[in-house]
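A.B. asks: Before I ask anything, here is the structure I am working with.
2 protein chains.
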Amino acid sequence: MQVNITLNPSASRNYTVFIDELSRICLDVKVLIVTNTTVSALHLKSLKPMIQARELHTLILPDGEMYKNFESLQLILNACFEHRLDRKSVLIAFGGGVIGDMTGFAASIFQRGIEFIQIPTTLLAQVDASVGGKTGINNPYGKNLIGSFWQPRAVYCESLFLKTLPKREFAAGVAEIIKMAVTFDSDFFAWLETHDLYDEKHLRHAVHSSIAIKADIVSQDETEQGIRAVLNYGHTFAHVIENQTQYTTYLHGEAVAIGMVMANTLARHLELLSEEECHRIQTLLEKYLLPTRYIIDDVDMFYTHFFLDKKSANDAITFILPHEIGGYTIAKGIEKERVLDALKECNAS
Amino acid sequence: MQVNITLNPSASRNYTVFIDELSRICLDVKVLIVTNTTVSALHLKSLKPMIQARELHTLILPDGEMYKNFESLQLILNACFEHRLDRKSVLIAFGGGVIGDMTGFAASIFQRGIEFIQIPTTLLAQVDASVGGKTGINNPYGKNLIGSFWQPRAVYCESLFLKTLPKREFAAGVAEIIKMAVTFDSDFFAWLETHDLYDEKHLRHAVHSSIAIKADIVSQDETEQGIRAVLNYGHTFAHVIENQTQYTTYLHGEAVAIGMVMANTLARHLELLSEEECHRIQTLLEKYLLPTRYIIDDVDMFYTHFFLDKKSANDAITFILPHEIGGYTIAKGIEKERVLDALKECNAS
Numbered sequence: 001m002q003v004n005i006t007l008n009p010s011a012s013r014n015y016t017v018f019i020d021e022l023s024r025i026c027l028d029v030k031v032l033i034v035t036n037t038t039v040s041a042l043h044l045k046s047l048k049p050m051i052q053a054r055e056l057h058t059l060i061l062p063d064g065e066m067y068k069n070f071e072s073l074q075l076i077l078n079a080c081f082e083h084r085l086d087r088k089s090v091l092i093a094f095g096g097g098v099i100g101d102m103t104g105f106a107a108s109i110f111q112r113g114i115e116f117i118q119i120p121t122t123l124l125a126q127v128d129a130s131v132g133g134k135t136g137i138n139n140p141y142g143k144n145l146i147g148s149f150w151q152p153r154a155v156y157c158e159s160l161f162l163k164t165l166p167k168r169e170f171a172a173g174v175a176e177i178i179k180m181a182v183t184f185d186s187d188f189f190a191w192l193e194t195h196d197l198y199d200e201k202h203l204r205h206a207v208h209s210s211i212a213i214k215a216d217i218v219s220q221d222e223t224e225q226g227i228r229a230v231l232n233y234g235h236t237f238a239h240v241i242e243n244q245t246q247y248t249t250y251l252h253g254e255a256v257a258i259g260m261v262m263a264n265t266l267a268r269h270l271e272l273l274s275e276e277e278c279h280r281i282q283t284l285l286e287k288y289l290l291p292t293r294y295i296i297d298d299v300d301m302f303y304t305h306f307f308l309d310k311k312s313a314n315d316a317i318t319f320i321l322p323h324e325i326g327g328y329t330i331a332k333g334i335e336k337e338r339v340l341d342a343l344k345e346c347n348a349s
Numbered sequence: 001m002q003v004n005i006t007l008n009p010s011a012s013r014n015y016t017v018f019i020d021e022l023s024r025i026c027l028d029v030k031v032l033i034v035t036n037t038t039v040s041a042l043h044l045k046s047l048k049p050m051i052q053a054r055e056l057h058t059l060i061l062p063d064g065e066m067y068k069n070f071e072s073l074q075l076i077l078n079a080c081f082e083h084r085l086d087r088k089s090v091l092i093a094f095g096g097g098v099i100g101d102m103t104g105f106a107a108s109i110f111q112r113g114i115e116f117i118q119i120p121t122t123l124l125a126q127v128d129a130s131v132g133g134k135t136g137i138n139n140p141y142g143k144n145l146i147g148s149f150w151q152p153r154a155v156y157c158e159s160l161f162l163k164t165l166p167k168r169e170f171a172a173g174v175a176e177i178i179k180m181a182v183t184f185d186s187d188f189f190a191w192l193e194t195h196d197l198y199d200e201k202h203l204r205h206a207v208h209s210s211i212a213i214k215a216d217i218v219s220q221d222e223t224e225q226g227i228r229a230v231l232n233y234g235h236t237f238a239h240v241i242e243n244q245t246q247y248t249t250y251l252h253g254e255a256v257a258i259g260m261v262m263a264n265t266l267a268r269h270l271e272l273l274s275e276e277e278c279h280r281i282q283t284l285l286e287k288y289l290l291p292t293r294y295i296i297d298d299v300d301m302f303y304t305h306f307f308l309d310k311k312s313a314n315d316a317i318t319f320i321l322p323h324e325i326g327g328y329t330i331a332k333g334i335e336k337e338r339v340l341d342a343l344k345e346c347n348a349s
């Protein structure tokens, strides 16, 4: 299966996402695979024979979001220099979102930009991070605050690499799949309600559908000037939750699951979403044992945290709210009291 | 005077270079001026009243090529975070090529890219670095090896800021002007032979002509896949000279002047350029007291150094050679012996 990503206006930057089609990548240049300790232990041996290159090098970084920083970026760049990569060389990001984001960022700034290939090994990275060209690192001021838009040359999503994924990480990926369905595709949402993603065939279909939705959005709005912001449904809340829990309690997809329920509650308060639709979404999230509640200590402080989010240009907050399953509203200028009321209800429910 | 920079295919990234037209910049956003100790002492007081912004901040970095590194990049990014700049904010690069390259690079990766304005204060930066969107920093492996292509929103070239420029730095800028004329415009070269650039009116004309040439090249080839490489005339040699002298003996434009003479000698050996044309170019360089000779200790080692240059993708060297004044050849695969012969002649002359 394939999804073509068409980026306007520059046709030269289009690329393809291949789903379960990786057998052999032939590159007559120097190639550096960037991966982490966990993924390399499990899968590097099966990946390497699939890559035919003039020279094939590997860099293994420590595993974890806390290593998504300037130091790791420097390690990738230094490996590029040590192996004397040039402007025709290719980086391969082999891992989850952290490896993908950092490797893509390194590719975008090594000698002012070289090509890279994504081979995402988590469900979250397959359906979300690997498509769309957002790259970056964290720093003490926040997540993904430094980075670039840099499109991969190709993305290979392989079921093979998902087989070893822990259940919680699998569910975190499902959260983003559900997110796509809620905001953009009611048929897909209904399909998800009746199909089990633990079945590999169904999972492949869901990965394909999610990527197709994201590809469509990204094609329309590569650099998030408009509709791409809709992909942040649930994220405005999730970022605050992740921040307040120092990124240690929840996986990103788990925080997004809670964030979607919060957004839904606000949408219901604003009479955009029915109680029944809220219930359907929450039920689907809970089917995959995703968390849907987070007790907020101080709703006022939680509200203040929204303004630290980088998407809040010039101090205005935008909420992405479903106005039905399969439809979204980009809501600006909602009164603070309405937001606080929704947060209080989430706390009490 | 103005020059419009048209970048295909994305019209949204076009911008204008204004020559002596800066009276007031109005930006209803947060603005951070990045400058260095030298420029701020001389000109910050006259610049500031020209910038009208919602908030105006300044970051003053130490002056010098040795500060064009990751640490200074971090200082710029941290200043952006400390002043809580957002995606609508604008950076202003107020200084020479070092400040311009670093500020542009920071702008390209802060929150995945914000706008920046170039106000170059050296002649070299006005005619070369500020136009074309190359940004970057040095690292222990070499110059400008990390960076991005990121176009400014506008460039303001002001004669005012050149008045305090030391003579050597002025001449280094003239070297790049001569470079443009030799490769692309014989009429402009003839004009340069008969006009004195110490005259402000003539200088303005020369700045305008150089920028117009560069704008034309960059429009055709933003990311240096083809014709843009011609701007590297003299640079293949200059990079080795700068490297061998640890970047301390020559200003970049001075090394380029020597590099042009070396390239001309090679071009003459290959019967591309006449002795008379070589002489005319050298005479014009010497009129501005630019160096045109460099004694090479070991021509073999000098030759080996070409291959360390980042432009040598997959181990092939490309020389940009004039085949007449106003015309260039992109020469690949020249035999090593021919190059060594030319280098030896330069040594002996």
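Protein sequence lines, in the order shown, are assigned to chains Y and E.
Everything in the first sequence is counted per this note's numbering, starting at 1 for the first residue and increasing by one.
Everything in the second sequence is counted per this note's numbering, starting at 1 for the first residue and increasing by one.
Every residue gets a Cβ at the ideal spot worked out from N, C-alpha and C, and that includes glycine.
1. Give the residues of chain E in contact with S148 of chain Y, contact being defined as C-beta atoms less than 7 angstroms apart.
2. With burial defined as no fewer than 16 other Cβ atoms inside 10 Å of the residue's Cβ, what is the status of M301 of chain Y: buried or exposed?
3. Taking C-beta pairs closer than 8 angstroms, name the residues in chain Y that L145 of chain E reaches, listed in chain order.
4. Helix, strand or coil: how does DSSP classify V90 of chain Y here?
5. Do you know how far the Cα of A154 of chain Y is from the Cα of T16 of chain Y?
6. Hey, could you find the ends of the beta strand (DSSP E) V131 of chain Y is sitting in?
7. Closer than 7 angstroms between beta carbons: that is the criterion. Which residues of the region 74-99 of chain Y meet it against chain E?
8. By a C-beta neighbour count over all protein chains shown, 10 Å radius and 16 as the cutoff for buried, is M66 of chain E buried or exposed?
9. Does the ligand ZN have even one heavy atom less than 7 angstroms from the beta-carbon of E82 of chain Y?
10. Report back the beta-carbon spacing between I51 of chain Y and T37 of chain Y to the nearest angstrom; my notes put them in contact at under 8 angstroms.
11. For F306 of chain Y, which of helix, strand or coil comes out of DSSP?
12. Would you list, in sequence order, the uninterrupted alpha helix (DSSP H) runs of no fewer than 4 residues that lie entirely inside the region 248-314 of chain Y?
13. DSSP puts H57 of chain E in a beta bridge; with which residues?
14. Taking K287 of chain E as the reference, which of E:N347, E:T183, E:F170, E:F149 has the closest Cα?
15. If I'm right that V127 of chain E touches V207 of chain E with Cβ under 8 angstroms, what's the distance once you round it to whole angstroms?
16. Does the separation of the CB atoms of V90 of chain Y and I109 of chain Y fall below 8 angstroms?
17. Using a Cβ cut-off of 7 angstroms, pull out every chain E residue sitting near Y141 of chain Y, in sequence order please.
18. Count the C-beta pairs between the region 248-262 of chain Y and the region 216-230 of chain Y that are closer than 8 angstroms, then say yes if the count reaches three, no if not.
19. Hey, how far is the Cα of D20 of chain Y from the Cα of P120 of chain Y?
20. Please list, in chain order, all residues of the same chain as S312 of chain E whose beta carbon is under 7 angstroms from its beta carbon, the five residues on each side excluded.
21. Between the alpha carbons of F161 of chain Y and W191 of chain Y, how many angstroms are there, rounded?
22. Apart from the five residues on each side of it in sequence, which residues of its chain come closer than 6 angstroms, Cβ to Cβ, to L56 of chain Y?
23. Chain E partners of G136 of chain Y, CB-CB under 7 angstroms?
24. By the 10 Å Cβ neighbour count, where 16 or more other Cβ atoms means buried, how is G147 of chain E classified, buried or exposed?
25. Around the C-beta of Y198 of chain Y, are 16 or more other C-beta atoms found within 10 angstroms, so that it is buried, or is it exposed?
26. Rounding to the nearest angstrom, what Cα-Cα distance links C26 of chain E and I117 of chain E in this structure?
27. Can you name the start and end residues of the alpha helix (DSSP H) that L47 of chain E belongs to?
28. Is Y198 of chain Y helix, strand or coil when you go by DSSP?
29. For K163 of chain E, name the three-state secondary structure that DSSP assigns.
30. Do you know how far the Cα of A215 of chain Y is from the Cα of T6 of chain Y?
31. Does the region 289-300 of chain E come close enough to the region 268-275 of chain E that 3 or more CB-CB pairs lie under 8 angstroms?
32. Can you give me the Cβ contacts of N4 of chain Y inside the same chain, cut-off strictly under 6 angstroms, excluding the 5 residues immediately before and after it?
33. Which of helix, strand or coil does DSSP assign to T16 of chain E?
34. By the DSSP assignment, the alpha helix (DSSP H) with L75 of chain Y in it spans what residues?
35. Taking 6 angstroms as the limit between beta carbons, can you name the residues of its chain near N232 of chain E, skipping five residues before and five after?
C.D. replies: On the basis of the data shown:
1. S108, I109, R112, G113, S148
2. exposed
3. F81, F110, Q111
4. strand
5. 5 angstroms
6. Careful: V131 of chain Y lies outside any beta strand (DSSP E) and carries neither H nor E.
7. L77, F81, D86, R87, K88
8. exposed
9. Absence of the ligand ZN from the depicted structure is noted, as is the absence of any ligand whatsoever, leaving it without description.
10. Incorrect: roughly 19 angstroms between the Cβ atoms, too far for contact.
11. helix
12. 252-269, 275-287, 299-306
13. E:L32
14. E:F170
15. 6 angstroms
16. no
17. F81
18. no
19. 12 angstroms
20. Confidence at S312 of chain E is low in this model, with a pLDDT of 49, below 50, so its placement is unreliable and no value can be given for it.
21. 25 angstroms
22. V31
23. R112
24. buried
25. exposed
26. 12 angstroms
27. 37-47
28. coil
29. coil
30. 8 angstroms
31. no
32. T16
33. strand
34. 70-82
35. I320
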